[in-house]
Structures are given as C-alpha cells and as structure tokens.
Amino acid sequence: LARDRATPPPAGNRAELLAGLNSCRRCPLWENATQAVPGEGPLDAPLMIVGEQPGDFEDLEGRPFVGPAGQLFDEVAARAGLSRERAFLTNAVKHFKFTPRGKRRIHQSPDRQEIHHCRWWLDQERSLVKPKAILAMGATALESLTGDRRGLLKRRGTVEVLEDGTPMLITVHPSYLLRLPDMEKPAMMRAFEADLARAAQMVS
Ligand code: URA
Numbered sequence: 271l272a273r274d275r276a277t278p279p280p281a282g283n284r285a286e287l288l289a290g291l292n293s294c295r296r297c298p299l300w301e302n303a304t305q306a307v308p309g310e311g312p313l314d315a316p317l318m319i320v321g322e323q324p325g326d327f328e329d330l331e332g333r334p335f336v337g338p339a340g341q342l343f344d345e346v347a348a349r350a351g352l353s354r355e356r357a358f359l360t361n362a363v364k365h366f367k368f369t370p371r372g373k374r375r376i377h378q379s380p381d382r383q384e385i386h387h388c389r390w391w392l393d394q395e396r397s398l399v400k401p402k403a404i405l406a407m408g409a410t411a412l413e414s415l416t417g418d419r420r421g422l423l424k425r426r427g428t429v430e431v432l433e434d435g436t437p438m439l440i441t442v443h444p445s446y447l448l449r450l451p452d453m454e455k456p457a458m459m460r461a462f463e464a465d466l467a468r469a470a471q472m473v474s
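Residues in the sequence shown are numbered consecutively from 271, following full-length UniProt numbering.
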C-alpha cells in the first residue's frame, strides 16, 4: 500500500506503531474513537490472529478482544490448547466504528475503504511479527488479508496461502457465534474449537 500525507512513517517497533496508529488520518474513523487499538502479544509470536475491529470495551481499554467476543475466544482457545499469550492478537481495522444511540454505541461494520486503508497497519504488524501462520477470524479479516470476503462459511476450516507464502487458516468470528440461534450454535462452536486447535498445531 502507498504511503501518503495522511500516513505516519512505517513503524520499526511497538512504540512507533502505537504512535503512528494514533496519528493516522488515512480514514475518518479516528475522529469518534477513543483511541487506536494495536495488536497485542509477543513480537516473535509464531501465530497472528486477526479479528475485525475493536468493540466498545476494546476502544475504552486500548486492548484487543477484552469484551464479550474476547471472553468467548479465550474460553474456546483454552479448550483448544491455544495459548493467547503465544499469539499476536490483532484486528483488520484499528479504530472502533459505531453510531451513538442514546448512551450506547452501536457497532458498525467497517466498509471496503476503511478496511483497505487500515491494511497499511496490518501489513506493518505482519512485518514486525513475521508470523509462521495467520488465523483469520471472520469476513473482515479475510477481506483485509485476501481482498475477497466472499464465501466465508465455505472457506472456513481451510488454509489459503497469502502472497508472501504465509499459510492462513480461516474461521468465523467469535461475535458471529454469540449471535447464532441456539439450534445452530453447538455445531459451529465445535467447528470453531477445531479451527483454534488446528491453528495451535500449525505453529507447534
Ligand atoms: N471484535 C473484534 O474483531 N476485535 C476485537 O478486538 C473485539 C471484538
């Protein structure tokens, strides 16, 4: 991706990444968000996990996956033998996108442009971490990493190889599991757990 006047210089370390993210003007999402939420985890992590964007809790805390989706992720990851501490956990988009409704802030999905602009930052994280494998959770992560968000449920459970040769396992997003009707939940939860176990295995 090209750098322009709205884009801070490439980051060489975690502090530069955070400073860069918070001064980023590549898209308008910075305006209403509390802060940018960078990826979290060791810079030498063998696995990078990519979600969509920070939610309400993440926006306030400045850390990824600390709200309900993160809690579900942590529970299933523990069962699957995937250690969050050994992974670099991040999002395709680094600012929370929402519409205010009374006191609440309602999640809005990031659009194509926002995903595209924020790929600059995901690429920076990828070059800092150089993960052995990537786990893409949900359609936004998939769009950011491959340019194509279509067919998530057909592609889940499969590995695609990214342009730089990194294998990427595809799974659903934990927020999707939280919204599923009770009838459909158990099977999809089992599939998600199997995907997380496989991601752990890919880097073991
Ligand atoms: N959903 C995401 O995709 N990422 C977070 O950090 C939290 C919720």
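Think of the CB as a built atom: it goes at the ideal place given N, C-alpha and C, for glycine as much as any other residue.
Residue i classed as buried or exposed, judged by whether at least 16 other C-beta atoms fall within 10 angstroms
i	result
Gly372	exposed
Leu439	buried
Glu433	exposed
Pro370	exposed
Ala464	exposed
Leu313	exposed
Lys364	buried
Ala357	buried
Arg426	buried
Arg396	buried
Pro444	buried
Pro456	exposed
7 Å Cβ shell around residue i - same chain, five flanking residues per side excluded
i	result
Leu448	Pro338, Ala339, Leu342
Arg354	Asp344, Ala347
His387	Arg296, Cys297
Trp390	Leu271, Thr277, Arg296
Close-in-space but distant-in-sequence residues of the same chain around residue i (CB under 6 Å, 5 per side omitted)
i	result
Phe366	Ala303, Pro324, Asp329
Val429	Pro437, Leu439
Asp326	Arg375
Tyr446	none
Residue i vs residue j beta-carbon contact at 7 Å
i	j	result
Asn361	Pro334	yes
Ala470	Leu392	no
Ala350	Leu450	no
Glu413	Ile385	yes
Leu291	Pro279	no
Ala461	Val320	no
Leu398	Ala406	no
Ala281	Gln394	yes
Glu310	Leu359	yes
Phe368	Gln383	no
Residues of its chain near residue i, where Cβ-Cβ distance is below 8 Å and the 5 sequence neighbours each way are ignored
i	result
Ala403	Pro316, Leu317, Met318, Thr436, Pro437, Met438, Leu439, Ala469, Met472, Val473
Leu422	Gly408, Ala409, Leu412, Ile440, Val442
Pro380	Leu299, Glu322, Gln323, Ala362, Val363, Lys367, Cys388, Thr410
Arg419	Ala409, Thr410, Leu412, Glu413
Residue i CB to nearest heavy atom of the ligand PLP below 6 Å
i	result
Glu355	This structure lacks the ligand PLP; the ligands present are the ligand URA.
Residue-level contact to chain D via CB, residue i, 7 Å cutoff
i	result
Gly309	Within the model displayed, chain D is absent; a lone protein chain is all it includes.
Inset, instruction - Entirely within the stretch 352-399 and at least 4 residues each: give me those alpha helix (DSSP H) ranges in chain order. - result: Listed in chain order, the complete alpha helix (DSSP H) runs (minimum 4 residues) inside the stretch 352-399 are 382-399.
Inset, instruction - Could you name the residues whose beta carbon sits closer than 5 Å to any heavy atom belonging to the ligand URA, keeping them in chain order? - result: The set, ordered by position in the chain, is Gly321, Glu322, Pro324, Gly325, Glu328, Pro334, Phe335, Ala339, Asn361.
Inset, instruction - Starting from the N-terminal side, write out each stretch of the alpha helix (DSSP H) that is 4 residues or longer and does not extend beyond the stretch 404-430. - result: Those alpha helix (DSSP H) runs which fall completely within the stretch 404-430 and span 4+ residues are 409-416, 422-425.
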